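For reference, the structure discussed in these notes is given below.
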Amino acid sequence: MGKKKQVKRNSQKAGLLPGTLIHIGERKLETVRITVIDYDENSFQEKQVTKIEDCFEFKNTPMVTWINIDGLHNTEIIEKIGKHYDIHPLVLEDILHTGQRAKFEDHEKYIFLVLMMLRFEDDTQTVISEQVSLVLGANYVISFQEDIGDVFEQIRDRIRNAKGRIRKMGPDYLMYSLLDAIVDSYFVILEKLGEEIELMEEDLLRNPTEKTLQQIHNFKREIIYLRKSIWPLRELINGIEHSESDLIQDSTGAYLRDVYDHTIQVIDTVESFRDIVSGMLDIYLSSISNRMNAVMKVLTIIATIFIPLTFIAGVYGMNFENMPELRLWWAYPALWLVMIILAGVMLYYFKRKKWL
Amino acid sequence: MGKKKQVKRNSQKAGLLPGTLIHIGERKLETVRITVIDYDENSFQEKQVTKIEDCFEFKNTPMVTWINIDGLHNTEIIEKIGKHYDIHPLVLEDILHTGQRAKFEDHEKYIFLVLMMLRFEDDTQTVISEQVSLVLGANYVISFQEDIGDVFEQIRDRIRNAKGRIRKMGPDYLMYSLLDAIVDSYFVILEKLGEEIELMEEDLLRNPTEKTLQQIHNFKREIIYLRKSIWPLRELINGIEHSESDLIQDSTGAYLRDVYDHTIQVIDTVESFRDIVSGMLDIYLSSISNRMNAVMKVLTIIATIFIPLTFIAGVYGMNFENMPELRLWWAYPALWLVMIILAGVMLYYFKRKKWL
Amino acid sequence: MGKKKQVKRNSQKAGLLPGTLIHIGERKLETVRITVIDYDENSFQEKQVTKIEDCFEFKNTPMVTWINIDGLHNTEIIEKIGKHYDIHPLVLEDILHTGQRAKFEDHEKYIFLVLMMLRFEDDTQTVISEQVSLVLGANYVISFQEDIGDVFEQIRDRIRNAKGRIRKMGPDYLMYSLLDAIVDSYFVILEKLGEEIELMEEDLLRNPTEKTLQQIHNFKREIIYLRKSIWPLRELINGIEHSESDLIQDSTGAYLRDVYDHTIQVIDTVESFRDIVSGMLDIYLSSISNRMNAVMKVLTIIATIFIPLTFIAGVYGMNFENMPELRLWWAYPALWLVMIILAGVMLYYFKRKKWL
Amino acid sequence: MGKKKQVKRNSQKAGLLPGTLIHIGERKLETVRITVIDYDENSFQEKQVTKIEDCFEFKNTPMVTWINIDGLHNTEIIEKIGKHYDIHPLVLEDILHTGQRAKFEDHEKYIFLVLMMLRFEDDTQTVISEQVSLVLGANYVISFQEDIGDVFEQIRDRIRNAKGRIRKMGPDYLMYSLLDAIVDSYFVILEKLGEEIELMEEDLLRNPTEKTLQQIHNFKREIIYLRKSIWPLRELINGIEHSESDLIQDSTGAYLRDVYDHTIQVIDTVESFRDIVSGMLDIYLSSISNRMNAVMKVLTIIATIFIPLTFIAGVYGMNFENMPELRLWWAYPALWLVMIILAGVMLYYFKRKKWL
Amino acid sequence: MGKKKQVKRNSQKAGLLPGTLIHIGERKLETVRITVIDYDENSFQEKQVTKIEDCFEFKNTPMVTWINIDGLHNTEIIEKIGKHYDIHPLVLEDILHTGQRAKFEDHEKYIFLVLMMLRFEDDTQTVISEQVSLVLGANYVISFQEDIGDVFEQIRDRIRNAKGRIRKMGPDYLMYSLLDAIVDSYFVILEKLGEEIELMEEDLLRNPTEKTLQQIHNFKREIIYLRKSIWPLRELINGIEHSESDLIQDSTGAYLRDVYDHTIQVIDTVESFRDIVSGMLDIYLSSISNRMNAVMKVLTIIATIFIPLTFIAGVYGMNFENMPELRLWWAYPALWLVMIILAGVMLYYFKRKKWL
């Protein structure tokens, strides 16, 4: 996951004019896709436009307009929107420079949100992380994404089919719905991580290998990254909840509190994961020690039994002329007896010491 | 204990309409059981109803009504109650989606609490964790549980037999009693954990095995889970205590402060357990090292004594023609003497080094 | 020390009516001992009463009355006092249920304090921990202890002999004196622990054994327990200092601040101990590793020198017919020379590697 | 990086009069270089002066004046500026004594900032750290640096070429631009560190050596030092943002908030690095253990197989007269068979134990 | 350094009357030395008095009087000063009971400070720690020290020679100067510690021995002790800065803020040291592991090569009659060849495994 990327992006920016509109991030998309959904309780319209100017007609209608922009590399489009909707240049800069810390800014005439959307793509089994910026105005929501594909499909369905209360509510409820969808998507990621933890724990106690170590290390890094992305969310949602902006109606407050509760739950879970993973490394070390111990014991037992016996055999392999034992007929079987008893005594000693 | 479950539940919800009533959690019960207890200082009535509508008659009596619902999968019942008692859809959602973080919400006409009830079942020797939601209104308390079986039996007894002051007090005192029972139940769990710690500690110092390691790891996870459940409780009770809701009378304040003190004590104990357990792993590692050390010592002593002796024996097993020592009649006994002295010196050296 | 006990007591209580007066704790004493000290600047009276009613006459005198009760199992006495002095049932419950978290409650007509008294008994070399509850009223202080024996003897002496300003001051100064005596007693315990640390440290670096490990572990647990007892004290004394109760005169403020400073010092010292002890375990592990290393070195040196030599001896012990070396008269002494040189080279190598 | 230096400097100062102007730090530069840039929206002038008095003419023009001073050892110059611009002696002291903690001071007539500039020099591959002090007055900014070379070149370009809004704004915007350039430069350092981490991680898991250990240790120290430099920045920028100084215009607020966000991001990244590096040491230890384990296994297998076999060979090397086996013609090949089977059984056992 | 001492002192005090004047601490000095410096902008007088009463004449002059008292065991003197300057008994107690936590108390007519002075004595190479108490009144400063010798000599020089602004300022500036001298002295200690760290680090990576371990442990304890002494200083200086006492003039505020900044810097450095030292132990453990690993490798290589060869030699040392190989003339040289090839193969294997 992209911690390093984020730093790189910022260092690319170093030295640019504040407010310069240059897209920092990978160009994920060929052409920018602009989708407009315009609705109120009774009517609904959805269309994909090619020129950004086609959106502007919706600005003055009393209906709620949701403009979604996939792809940030065409800075001209962003600039045009910025001019038309009177958005501060630094906000536009934040939209384009992906890798922002989640934040909330109240610019009186509009509210600006930027946060991370995490999506688990089933076919490739990877986590896609994308910066989503939201601008909420009096009768519109503009959402900026780096790439096509998001977690908002069910919201679109609800608008299309007039399910739930979304068509009856204002743009602040739409913004809440988008936020809620993003926070909900974290739970999916957490669940995947939870499953990974469980798999690792099994490996850990049964068969810890270097691969397990690498997995724990990677997992820890992911948690650190996730934590860094999610902690600022708390402040963000708290900020919206307690803002006195006229753009957010009182009735939406209860819903925002609900998202806030979910965010706290996500944070709690990430913290628990952190605790568990930091414990895992200790377990790993202990398991490795245990394993080494087991190996050592075998070596010790074998060596301890045979080293003295080998010495005895060595003694009677000496070539001294005057070794009277050698000539006794019972000496050889007697020696065998002695050696077997010696081995037996040692085995008994190890047994008593619980080394066997 | 169910950390993972909780995450899963939330990810199941992902994409649903906010306020959609779907029970998320295991269906623990076949049929929903509804019990009503209606009382004031002088009269008392308890009955089990089959239709939720049978409860509604109690709404307008001046007596305190306690409706307890075991089983959450029949969303229709919850919806009916919600409609009748005018409860916000998001509250109903929280009741149904088990795995909530403990919280307190003041909705003016009623107060909503959700928290975790932990119960130790003696026959199966397991901990049962269940989400309990409480709705406190002007003259009623509604409690929602996932399953039959709870820690409230003694409260019911007190109401039935008019023991203590419960029959003389309002529904806020009933809510306090339920809270108190839940917090008290944590002490039972903590005691069990305390006993487990003591057992582990003995194992730890005397006979640390891989099983001990696994136990410590599991224990640590349980503590992490417990901590996550209990910390928000502090906020919850603090919230009730400092709320300015008319539903809570001043006289109940002292009781709530008492529950608060108990909660702090529970948190303190969990933190102590955490500290102790995190120390245990270090002790485990040390014990393992000690054990390995002991094994190493034996190997070293045996090897160090016999390796040189075996070399000597090897020398006089060589077949050179010109080895004058071999022909001396006293050479063999002299060699034995040398070897015994050598072994003795080495033993003395190890003794002085405190390796024996 | 009694962490587990405390949990047990609370779990015994689970399910009881709030305000039920049952003594939870070990019955340490056969009969309850009640002592009354009544004094003002000019007169002084001390007596031991058998019936609690004998104390009540002092209530209406303008003199300061100190009622001390040793033994909590006779709940009837506590109940009578409660009734006579109009004490809230939950306060009485806290007095009886030992194992409370230190706390301060302002009940307008009286102030309630509960905290832990630690006493080092010289003859048995053990730490006695006892819950002390204090009730401060307009002209009285009632102190409840679990057992005979306390740290208040010097306060009694001062009252008897009119030493210092105690006889000139009100009951709030008496309460302060009791608090001060308890906090001072912590220093005695800390000094004992400090000495223990010093002993352990010597063991640690010179001769670490499994016993040392156990000592560190026990010490750590004691520190955890102590910490849990002492932290809430800070809040407690802070609470009294900043309370606006009429029962505490302004002139006592400076004294309370003094106790507060001492408490902070106790906490600081406990935290330092915690830091030191947590470092000790690392030192222990390092020492063990060092020791193992030393053992390993000896083994390696002996084995590394003799294994090749033994091999050479083995070669010339072979029985091949065609081994021309065997027949050379200088072969045997030459071999000795070779072997000695080989051993010398290896010793030099080990010396250079700093293994010797 | 210079943690020790910083302490040394302060101890050099110990005992000096407060406000004594002595430059503490390495004399990095031969002669002091003074550069003046004077601009407004329409005109622009840049010149290098040799006498500080030549700057003073700019004081009374309405244009924005930026005086940059490279080199701090000529205390006379600093003193003259201090006198002319009426700067408090303690501020001058702070400018000269490099190794200050980043801070912000509002002296009503001017604002004083001191912070650390980090610069990565590509040719030498080293990080240059320099203290930068900024004094912002009504129509001027004075910047003090220890040495020639900084991260401000692009700001100078923008002023020269009237790029962006800098020429239209006041001196507070210039100060913001300098701050922004410094914070941006941290990202470059962080990126370098991020790359170093990645390299170390590869080493760590594949081929951990003592050099890796030293690298981790050095890296950790750098992080500790960086952290110490960057944390106070948060306070600093927060201080400017919330100061009510007339010197900072409202329009600059949004820009300062932007720098603040970047600072938080830098801090977050440093904290993540800290977490990752602290985990690396554990990984290192684990890798070392793993490696040792692998070595041990080989030793154990070889020794365990051959020690018993060597014993058997030793037995039949004994010289007893009565050893009937020696005379059997099939004894020798049979023994080989026995020995091969024995070795095979042991290999099978090790395979099953997963030691091979 | 004296952590234990401090505890001991307090336990000595246990049971004494609050406000009892007994000097707790080592009697470091035979006779008490009293020095008076009386000055204003124009005149200056310094004398050493034998009777404390000789100081009292200065009380009513408008000049600034600095009474310095070295030695605390003569409680009579302290008591007389206390009476004459109207100082609260608890303050006198704090002056005498050394080992206090640094604190600031505003008693309206005077300000009381107590803190730790650390001094590095060059001849004995030891750190001298001494409690310094300061009482600041309307026109006087009284300083109490345990022993002769302090860090104030340069302040005395400045007063004597009218250097800087000290002679022009009031007693609050004198108090600031004393504080500043004490905080500056910490930097000297930190520099020494910094050098020690550097030395330890070299040892750590090159040649870690048990002595290094002991050094790290001692260093850690010193840091813990230092930290405990310095943390409360922050509060102390913050307290003075924000106090509304008339005794401190506004002009002194900037100077106090300067001391505050230095204190923060000291704290930051101590925290960094703590971080570095806690990392050192890990490095130590790793180095020890590395070393052990190196030793193990040599053992493994030697043993692994020679154990099989010795076995082969053993085989041909057997005395079976039917061993046809023994009679082949080329068997012996062939065996040598086999053994050399075997050794070579093993060496190659170890090389490939990077064990060599």
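Residue numbers (this note's numbering), protein chains in the order written: chain A, 3 to 358; chain B, 3 to 358; chain C, 3 to 358; chain D, 3 to 358; chain E, 3 to 358.
Ideal Cβ placement from N, Cα and C applies to all residues, glycine included.
Small disclaimer: the values here were computed from a predicted structure and weren't measured.
Quiz item: chain C beta carbons: is any one of them nearer than 7 Å to that of Gly172 (chain B)?
Solution: no
Quiz prompt | Entirely enclosed alpha helix (DSSP H) segments - the region 187 to 258 of chain C, minimum 4 residues | solution = 212 to 244
Quiz item: How about Phe308 (chain E): is its C-beta nearer than 7 Å to some C-beta of chain C?
Solution: yes
Quiz item: According to DSSP, which residues form a beta bridge with Gln147 (chain C)?
Solution: C:Asp72
Exercise. Run through the region 102 to 130 of chain C for me and flag every whole beta strand (DSSP E) of 3 or more residues, listed as ranges in chain order.
Key: 105 to 108 and 113 to 123
Self-check item: Beta-carbon separation (whole angstroms), Val93 (chain E) vs Lys105 (chain E), contact threshold 8 Å
Solution: Val93 (chain E) to Lys105 (chain E), Cβ: 11 Å. No contact.
Self-check item: Every unbroken alpha helix (DSSP H) inside the region 254 to 293 of chain C [4 residues or more]
Solution: none
Quiz item: With DSSP run on the structure shown, which of helix, strand or coil describes Ile97 (chain E)?
Solution: helix
Practice problem: With a 10 Å radius around its C-beta and 16 neighbouring C-beta atoms as the bar for buried, classify Arg208 (chain E) as buried or exposed. | Solution: exposed
Practice problem: Please work out which residues of its chain come closer than 6 Å, Cβ to Cβ, to Lys82 (chain C), disregarding the five sequence neighbours upstream and downstream, and give them in chain order. | Solution: Ile54
Self-check item: Proximity of Lys136 (chain C) and Met177 (chain C) at Cβ, strictly below 7 Å
Solution: The sequence given here places Leu at residue 136 (chain C); Lys does not occur at that position. Yes; because the gap between Cβ atoms is below 7 Å, this pair is in contact.
Quiz item: Which residues of chain C have a Cβ atom closer than 7 Å to the Cβ of Tyr112 (chain E), listed in chain order?
Solution: Result: empty, since nearest Cβ-Cβ is about 14 Å, beyond 7 Å.
Quiz item: Taking Cβ to Cβ, would you say Val297 (chain C) is nearer than 7 Å to Thr302 (chain B)?
Solution: yes
Self-check item: Nearest-angstrom beta carbon gap, Val134 (chain D) and Ser187 (chain D) [assumed within contact, 8 Å]
Solution: Contact flag wrong, Cβ pair sits at about 10 Å.
Quiz item: Taking Cβ-Cβ distances shorter than 7 Å, what residues in chain C pair up with Gln217 (chain B)?
Solution: Those within 7 Å of Gln217 (chain B) in chain C number zero; the least Cβ separation is about 16 Å.
Quiz item: With 16 as the cutoff for other CB atoms within 10 Å, does Arg293 (chain A) come out buried or exposed?
Solution: buried
Practice problem: Note down, in chain order, each residue of its chain lying with its Cβ closer than 6 Å to the Cβ of Leu181 (chain A), except the 5 sequence neighbours on either side. | Solution: Val261
Quiz item: So which residues of chain C does Ile278 (chain B) contact, with C-beta pairs closer than 7 Å?
Solution: Arg223 and Ile226
Practice problem: For Leu207 (chain D), return the contacting residues in chain A, with the cut-off set at a CB-CB distance below 8 Å. | Solution: Glu212, Leu215, Gln216 and His219
Exercise. Rounded to whole angstroms, what's the CA-CA distance from Met320 (chain E) to Met348 (chain E)? Just pull it up for me.
Key: 26 Å
Quiz item: From B:Leu328, B:Ser280 and B:Glu224, pick the residue whose C-alpha is nearest to that of Leu120 (chain B); which is it?
Solution: B:Glu224
Practice problem: Would you mind sorting Gly346 (chain C) into buried or exposed? The rule is 16 or more other CB atoms within 10 Å of its CB. | Solution: exposed
Quiz item: Can you name the residues of chain D whose CB is closer than 7 Å to the CB of Lys299 (chain E)?
Solution: Val297
Practice problem: Give me the Cα-Cα distance between Glu243 (chain D) and Leu249 (chain D), rounded to the nearest whole angstrom. | Solution: 12 Å
Quiz item: Hey, quick one: how far does the alpha helix (DSSP H) through Ile36 (chain B) stretch, first residue to last?
Solution: Here Ile36 (chain B) belongs to no alpha helix (DSSP H); instead the beta strand (DSSP E) covers Arg35 to Tyr41.
Exercise. May I ask you to list the residues that DSSP assigns as paired with Tyr142 (chain A)?
Key: A:Thr67
Quiz item: In the structure shown, what three-state DSSP assignment does Ile343 (chain A) receive?
Solution: helix
Practice problem: Go through its chain and collect everything with a Cβ distance to Ile239 (chain C)'s Cβ below 6 Å, but skip five positions before and after it. | Solution: Val261, Tyr262 and Thr265
Practice problem: Whole angstroms is fine: what's the gap from Leu215 (chain D)'s alpha carbon to Glu203 (chain D)'s? | Solution: 11 Å
Quiz item: Are three or more beta carbon pairs between the region 122 to 130 of chain C and the region 276 to 292 of chain B nearer than 8 Å?
Solution: no
Quiz item: Where does the unbroken alpha helix (DSSP H) through Phe58 (chain D) begin, and where does it stop?
Solution: Glu55 to Phe58
Quiz item: Any C-beta of chain C sitting closer than 7 Å to the C-beta of Thr63 (chain E)?
Solution: no
Quiz item: Which two residues bound the contiguous alpha helix (DSSP H) that contains Lys82 (chain A)?
Solution: Thr77 to Tyr87
Quiz item: Per DSSP, Lys49 (chain D) forms a beta bridge with which residues?
Solution: D:Val38
Quiz item: In chain D, what lies closer than 8 Å to Ala305 (chain E) by C-beta?
Solution: Leu301, Ile304 and Ala305
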